Amino acid sequence: MSTVPADTQTSAVGARPAGRPVALVRDTGIVFTRELRPLLRSPFQMIVSIAQPLMFLALFAPLLPGGASAQTLQWFLPGMVAMACLTAATMTGSNLMLEMQTGSHERLLVSPLSRSSLLLGRALKEIVPVVAQTLVLVVVAWPFGFAVHPLGIAAGVLMLSVFSVAAGALSFALALVSKGQDWLFWTVQQTLLFPVLLSAGVLLPLDDAPGWLRA
7 MSTVPADTQT SAVGARPAGR PVALVRDTGI VFTRELRPLL RSPFQMIVSI
57 AQPLMFLALF APLLPGGASA QTLQWFLPGM VAMACLTAAT MTGSNLMLEM
107 QTGSHERLLV SPLSRSSLLL GRALKEIVPV VAQTLVLVVV AWPFGFAVHP
157 LGIAAGVLML SVFSVAAGAL SFALALVSKG QDWLFWTVQQ TLLFPVLLSA
207 GVLLPLDDAP GWLRA
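This note's numbering runs 6 ahead of the 1-based position in the sequence shown.
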């Protein structure tokens, strides 16, 4: 019966924690690529996510006080980007529910991938639509007087990316809690989404809103 030297055991045990961050990054990259591949193969979802804020911009911007002026675009355009990102991020849990119904999620759970990477990889995928929506909306609004500040746009994209990852993680957690009950997921999602959009001033500025809403 062979034995392993004590120093070898000690080095193996000591090396394991050091390898965990590397393994987590590797597994997260695998899950991220897996989640991004269907989007690249069939970009219809990406096109719809970009077309929706463009439609809101074309329909509602001319109706706002001041019309589609440069001053109006300065607050309305970031609101459209934030609304699109929040809506898309909170709906990502529906993909997880579909995977649980088809059994593909269970196959991932028995794979060597870490559980944390399954959540992080899916949530990080939401950064791609955020960047695409922001770039398209800025390019469209620029000829109409929208002031482009590269540092401000970069900071906004970073903040929205972090927020989208957090909202996507909450959406996945809600999908896991729902356990296949679609009505529960959509009820909670819609109940929380629209009050957040209204109270955050995404749809309309809160300057003329009641005091309790501004607070």
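In this text, a Cβ means the ideal position worked out from N, Cα and C, and glycines have one as well.
Since this is a predicted model, take the numbers as computed values, not measurements.
Cβ neighbours of residue i in the same chain (closer than 7 Å, five flanking residues each side left out)
| i | result |
| --- | --- |
| Phe-86 | The sequence shown places Met at residue 86, not Phe. Excluding residues within five positions, the ones whose Cβ falls inside 7 Å are Pro-59, Phe-62, Leu-63 and Leu-143. |
| Phe-66 | none |
| Ala-173 | Leu-92, Ala-95 and Thr-96 |
| Ala-175 | Leu-125 and Ala-129 |
| Leu-70 | Thr-78 and Phe-82 |
| Phe-50 | none |
| Leu-114 | Leu-124 |
Rounded distance between the beta-carbons of residue j and residue i, thought under 8 Å
| i | j | result |
| --- | --- | --- |
| Glu-132 | Ala-94 | 7 Å |
| Ala-76 | Ala-153 | 7 Å |
| Ser-170 | Val-202 | Incorrect: roughly 13 Å between the Cβ atoms, too far for contact. |
| Ser-184 | Met-103 | 7 Å |
| Gln-139 | Ser-55 | 6 Å |
C-beta atoms of residue i and residue j nearer than 7 Å
| i | j | result |
| --- | --- | --- |
| Asp-33 | Leu-92 | no |
| Gly-127 | Val-28 | no |
| Thr-98 | Ser-167 | no |
| Phe-191 | Ala-181 | yes |
| Leu-30 | Ser-117 | no |
| Leu-42 | Met-52 | no |
Opening and closing residue of the alpha helix (DSSP H) in which residue i lies
| i | result |
| --- | --- |
| Met-232 | There is no way to answer for residue 232, as the model of the chain reaches only from 7 to 221. |
| Pro-59 | 50-66 |
| Pro-156 | 156-184 |
| Leu-119 | Note, Leu-119: premise wrong, no alpha helix (DSSP H); not H, not E. |
| Pro-226 | The question about residue 226 has no answer here: the residues shown for the chain are numbered 7 through 221. |
| Leu-204 | 188-205 |
Own chain partners of residue i with C-beta closer than 6 Å, once the 5 adjacent residues on each side are dropped
| i | result |
| --- | --- |
| Gly-162 | none |
| Ala-147 | Leu-79 and Leu-83 |
| Asp-13 | Only weak support exists for where Asp-13 lies, its pLDDT of 46 falling under 50; the coordinates are left without a value. |
| Gly-20 | Only weak support is given to the placement of Gly-20: the predicted model assigns it a pLDDT of 42, under 50, and the value that follows is read from those uncertain coordinates. Once the five neighbours on either side are set aside, Gly-20 has no close Cβ partner at all. |
| Gly-151 | Ala-76 |
Own chain residues within Cβ distance below 8 Å of residue i, not counting five before or after
| i | result |
| --- | --- |
| Leu-199 | Leu-92, Thr-93 and Thr-96 |
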